[in-house]
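Note that the protein sequences, when read in sequence, are chains H and W.
Quick note on the UniProt record's numbering: the first sequence kicks off at 1 and runs consecutively.
Quick note on the UniProt record's numbering: the second sequence kicks off at 1 and runs consecutively.
In this text, a Cβ means the ideal position worked out from N, Cα and C, and glycines have one as well.
Please read all numbers here as calculations on a predicted model, not as lab measurements.
The next block holds one structure in the form of structure tokens; read it before the comments.
2 protein chains.
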Amino acid sequence: CHSKPTLVISIDHFGFFENGTFKQRYLVADQHWHQAGGPILFYTGNEGDITWFCNNTGFMWQVAEELGAMLVFAEHRYYGDSMPFGPDSYSDSKHLNYLSSEQALADFAVLIRELKGSWPGARSSAVIAVGGSYGGMLAAWLRMKYPSAVVGALAASAPIWQFPGMVPCGDFHRIVSQDFASSGPNCDVNIRRSWGAIDKIASTGLAWLSGTFSLCAPLKSRPDSVAFKEWLQETWVNLAMVDYPYEASFLQPLPAWPVQAVCRHLGFDSSVSDYQLLQGVSEAARVYYNHTGATACLNTSSTATGSLGFLGWYYQACTEMVMPLCTDGVQDMFEPQAWDFQAFSDECQALFGVRPRASWAETLYGGKDLSAHSNIIFSNGGLDPWSGGGVTRNISDSVVAIVIPQGAHHLDLRYDNERDPPAVRGARALEVDYFKAWVRQARRAP
Amino acid sequence: CHSKPTLVISIDHFGFFENGTFKQRYLVADQHWHQAGGPILFYTGNEGDITWFCNNTGFMWQVAEELGAMLVFAEHRYYGDSMPFGPDSYSDSKHLNYLSSEQALADFAVLIRELKGSWPGARSSAVIAVGGSYGGMLAAWLRMKYPSAVVGALAASAPIWQFPGMVPCGDFHRIVSQDFASSGPNCDVNIRRSWGAIDKIASTGLAWLSGTFSLCAPLKSRPDSVAFKEWLQETWVNLAMVDYPYEASFLQPLPAWPVQAVCRHLGFDSSVSDYQLLQGVSEAARVYYNHTGATACLNTSSTATGSLGFLGWYYQACTEMVMPLCTDGVQDMFEPQAWDFQAFSDECQALFGVRPRASWAETLYGGKDLSAHSNIIFSNGGLDPWSGGGVTRNISDSVVAIVIPQGAHHLDLRYDNERDPPAVRGARALEVDYFKAWVRQARRAP
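Given below as structure tokens:
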């Protein structure tokens with residue numbers, strides 16, 4: 001993944017008072033490109049360093065030759081090196097004001113225009129948007145909002161319906177729990193039991209917990225043990241997201257089928273003591289945090305790669321990307337927690353000085369009504385908790401869903417692997433077929 | 001046209017730092033509405049007081065009963081009573097920052113959501129966007145950008161292609177000149193000749209000119225005579241726009257076929273003197289400015305109704321609504337004037353402290369590529385200079401063009417009249433047919 005000259009772009013596409021510009025980073029690979037009519041696969045960057053997405057989207061590299069395609073990976077503003085106000089970009093809500101999906105989509109549309117206008121041979125190239133997760137949402141939205149910029153979009157594991165009122169807030173953690181339930185005997189049951197066990201032991205045994213989990217920062221108080229449970233919960237969620245069939249390093253370096261590896265430590269029957277149970281939980285957590293064996297202690301302040309921009313994403317969640325999640329402890333293996341918009345809003349106000357607009361995303365992107373759109377593939381993995389907010393049934397002949405039952409988070413965007421389940425091979429082949437059809441369609445157009 | 005409780009709406013839909021709200025005005029007429037499934041005709045207000053558009057869109061009133069439709073007229077922010085910062089709204093470029101088509105479209109989408117959520121019986125109503133001129137552009141763009149908000153759009157006399165590089169900049173004034181050429185012998189020839197005559201006489205006879213034209217503010221200098229010519233040019237342009245077949249009052253109170261009435265004073269042959277010619281021009285101008293006979297003197301500082309917000313529109317032209325116009329004096333009857341983007345940009349900088357972004361509208365709205373959209377009618381009148389930037393051929397089965405050869409600016413949106421040309425009757429009937437089809441289509445949808 002090699003960087004190209006950055007694009008100088010407006011900080012505010014939608015207003016003219018802030019007339020500053022910034023340098024947006026994008027990466028280009030044109031070694032397989034057929035200049036005469038070759039398409040452009042355009043990765044709509046999401047909340048992180050674009051080189052990391054570039055390195056984790058093997059599918060695009062793999063199909064470039066077959067399609068004679070140029071690859072472009074565009075970095076999302078406020079992530080990686082694409083900082084509208086340099087080091088001040090995150091300094092306050094005034095500087096964060098231009099961090100939004102609308103501005104990012106406008107960046108992509110302007111970049112595509114620039115590429116077509118300036119890259120030799122690209123003027124008539126059909127551009128196909130590709131993205132995963134939030135990047136998949138952006139790919140779909142780019143096709144929906146700027147259909148003359150891209151002829152179609154592959155939105156992989158894109159939870160475009162994970163907004164208020166569209167899907168039950170409990171689906172996400174229910175899917176996480178199903179993954180664990182089906183990955184080893186009693187696995188979900190023991191995780192569900194672990195929360196009470198932590199509470200009991202925390203009242204007297206914080207030192208034991210800290211030692212058993214090899215925590216870098218020992219737990220010192222009751223609030224620490226609450227944060228500890230949240231960190232564990234996020235760990236299980238992340239594991240479900242990256243439950244790939246082979247050894248891989250996305251959020252963390254992990255073994256094949258990491259949830260099964262985790263569950264091997266959680267097969268206890270109901271006679272197990274709280275201490276034994278939590279000993280097992282600690283070994284399970286090490287599957288995620290210490291697969292390489294190089295981790296000296298477990299750091300509860302982080303659960304995944306530093307290539308993701310968590311603060312930026314939290315700001316986005318605190319403004320327009322309001323995604324209700326909840327647990328009930330029955331259909332899922334977590335402690336019951338209702339979705340509390342007001343508490344969330346207050347937290348956003350305290351942290352960023354902004355309040356989320358709960359219904360704006362639905363108004364802006366049309367909610368569940370996708371009937372007027374065309375040429376979008378929504379792919380989802382059955383193991384991926386984000387599939388709960390995804391499009392998993394066909395909307396029309398050209399807005400289609402692909403479900404990969406044994407797939408985790410955008411497995412289809414990864415390089416193929418001999419251990420891939422057949423469904424993901426089929427999904428990738430189908431996606432390429434759609435790409436080719438869209439390119440043909442674009443050539444036929446006047 | 002009766003006002004309803006205003007909607008409290010975000011000043012900035014696309015950012016969260018400016019978290020203020022303002023009251024947007026909208027008008028509702030529901031006397032013909034069939035609550036059970038009756039559609040909503042939603043006028044996407046443009047650059048003026050919404051009551052004035054309400055009073056000049058008889059078509060909607062006329063078809064409300066046949067369709068069992070509710071009528072809603074939404075005022076465009078920064079016009080009429082819908083001022084985001086009250087009396088300070090126009091005070092500087094900081095306060096004007098939220099005057100844009102994107103913000104206006106978002107206003108409309110939010111209002112439609114509110115109406116459906118709060119108006120008894122409106123939840124499942126199909127909403128159809130209707131607009132004329134810039135309001136027609138907004139109607140089309142609302143369908144393009146928020147297709148789940150509106151099932152279709154009637155974009156009457158909407159010059160959505162009047163942007164840089166899309167149509168020749170001279171088409172507009174060529175069409176004006178054709179109207180005059182076909183409305184009386186020598187009419188365009190004499191107007192073309194009048195500019196030189198004004199120049200000659202201005203060198204010694206400013207008082208004569210001022211007296212002959214009964215100007216409220218006599219011309220005093222060479223620059224005054226340049227402004228005088230610009231005022232006359234705008235007068236002829238406006239006349240072409242409102243060349244309706246019956247007495248009407250839109251930009252001004254006017255007789256039937258006002259361009260013919262004007263041309264009756266401009267039938268001179270080439271032997272006429274400059275003084276005689278300009279005497280005729282002054283009588284022609286009075287057709288436009290003094291049809292009622294009540295005008296004591298002609299005011300060169302204005303050419304049309306005060307219901308339009310010229311300053312706001314000029315700001316919009318100085319930011320995203322960059323519409324190149326030019327004249328060559330050969331295919332048109334005006335003095336040659338090239339399109340000079342840099343001079344325009346400098347003027348905008350001096351006036352508002354902003355510079356226009358010449359290519360943003362094309363990137364944002366997709367330029368001439370409308371192939372991905374559906375359910376839009378573009379209607380245009382052959383007499384209307386804005387038809388030069390309009391869509392006058394079918395794009396697809398559901399993005400269609402209607403041309404009314406003897407029609408001026410959005411004639412089809414007016415009440416019907418016994419003097420209407422047959423083409424506009426046909427156009428209105430066809431438009432209603434499309435409306436009905438869209439409503440049926442929406443009812444069939446899942």
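Judging by CA-CA distance, which residue of the options is the nearest neighbour of residue i?
| i | options | result |
| --- | --- | --- |
| Ile201(W) | Trp141(W), Arg192(W), Trp161(W), Leu277(W) | Leu277(W) |
| Ala36(H) | Pro84(H), Thr44(H), Gly121(H) | Gly121(H) |
| Thr57(W) | Glu114(W), Arg357(W), Ala156(W) | Ala156(W) |
| Pro336(W) | Gly117(W), Arg286(W), Gly170(W) | Gly170(W) |
| Cys187(H) | Met137(H), Trp339(H), Ala285(H) | Ala285(H) |
| Gly15(H) | Ser345(W), Arg222(W), Thr392(W), Lys94(W) | Lys94(W) |
Using a Cβ-Cβ cut-off of 7 Å, state whether residue i counts as contacting chain H.
| i | result |
| --- | --- |
| Glu102(W) | yes |
| Lys200(W) | no |
| Val354(W) | yes |
| Ala445(W) | yes |
| Gly390(W) | no |
| Lys94(W) | yes |
| Ser398(W) | no |
| Thr295(W) | no |
| Thr44(W) | no |
| Thr319(W) | yes |
| Ser301(W) | no |
With a Cβ-Cβ cutoff of 7 Å, do residue i and residue j count as a contact?
| i | j | result |
| --- | --- | --- |
| residue 451(H) | Ile9(H) | Since the first residue of chain H shown is 1 and the last is 446, residue 451(H) is not available in this structure. |
| Phe228(W) | Leu239(W) | no |
| Leu413(H) | Gly132(H) | yes |
| Ser387(W) | Trp52(W) | no |
| Asp179(W) | Leu351(W) | no |
| Gln406(H) | Pro385(H) | no |
| Tyr246(H) | Ala256(H) | yes |
| Ile112(W) | Ala140(W) | no |
| Asp332(H) | Arg123(H) | no |
| Ala153(W) | Ile376(W) | yes |
| His76(W) | Gly45(W) | yes |
| Ile395(W) | Leu370(W) | yes |
| Ala361(W) | Phe163(W) | yes |
| Val399(H) | His373(H) | yes |
| Gln349(W) | Arg355(W) | yes |
| Ala408(W) | Tyr244(W) | yes |
| Gly136(W) | Ala158(W) | yes |
Please report the distance separating the alpha-carbon of residue i from that of residue j.
| i | j | result |
| --- | --- | --- |
| Arg192(W) | Leu325(W) | 18 Å |
| Ser302(H) | Gln252(H) | 11 Å |
| Phe334(W) | Gly196(W) | 10 Å |
| Gly353(W) | Cys318(W) | 10 Å |
| Ala69(H) | Ala126(W) | 42 Å |
| Val110(H) | Thr363(W) | 7 Å |
| Ser182(W) | Gly267(W) | 12 Å |
| Ala104(H) | Val432(H) | 26 Å |
| His291(H) | Gly389(H) | 30 Å |
| Asp328(W) | Gln31(W) | 51 Å |
| Val167(H) | Pro147(W) | 21 Å |
| Ala294(H) | Glu234(H) | 21 Å |
| Val439(H) | Gly367(H) | 28 Å |
Interface residues of chain C around residue i at Cβ under 7 Å?
| i | result |
| --- | --- |
| Thr363(H) | The chain inventory of the structure shown lacks chain C, comprising the protein chains H and W. |
If you measure from the beta carbon of residue i to each beta carbon in chain W, is any gap under 7 Å?
| i | result |
| --- | --- |
| Ser91(H) | no |
| Asn394(H) | no |
| Asn97(H) | yes |
| Ser271(H) | no |
| Asp420(H) | no |
| Ala122(H) | no |
| Ser148(H) | yes |
| Phe250(H) | no |
Looking only at its chain, what residues have a beta carbon closer than 6 Å to the beta carbon of residue i, apart from the 5 residues adjacent to it on each side?
| i | result |
| --- | --- |
| Leu71(H) | Ala29, Leu41, Met60, Ala64 |
| Ser214(W) | Cys297, Leu298 |
| Ser207(W) | According to the sequence as given, residue 207(W) is Ala; it is not Ser. Taken in chain order, the list of residues that qualify is empty. |
| Trp339(H) | Cys169, Pro324, Cys326 |
Looking only at its chain, what residues have a beta carbon closer than 7 Å to the beta carbon of residue i, apart from the 5 residues adjacent to it on each side?
| i | result |
| --- | --- |
| Cys1(H) | Leu27, Thr51, Cys54, Asn55, Phe73 |
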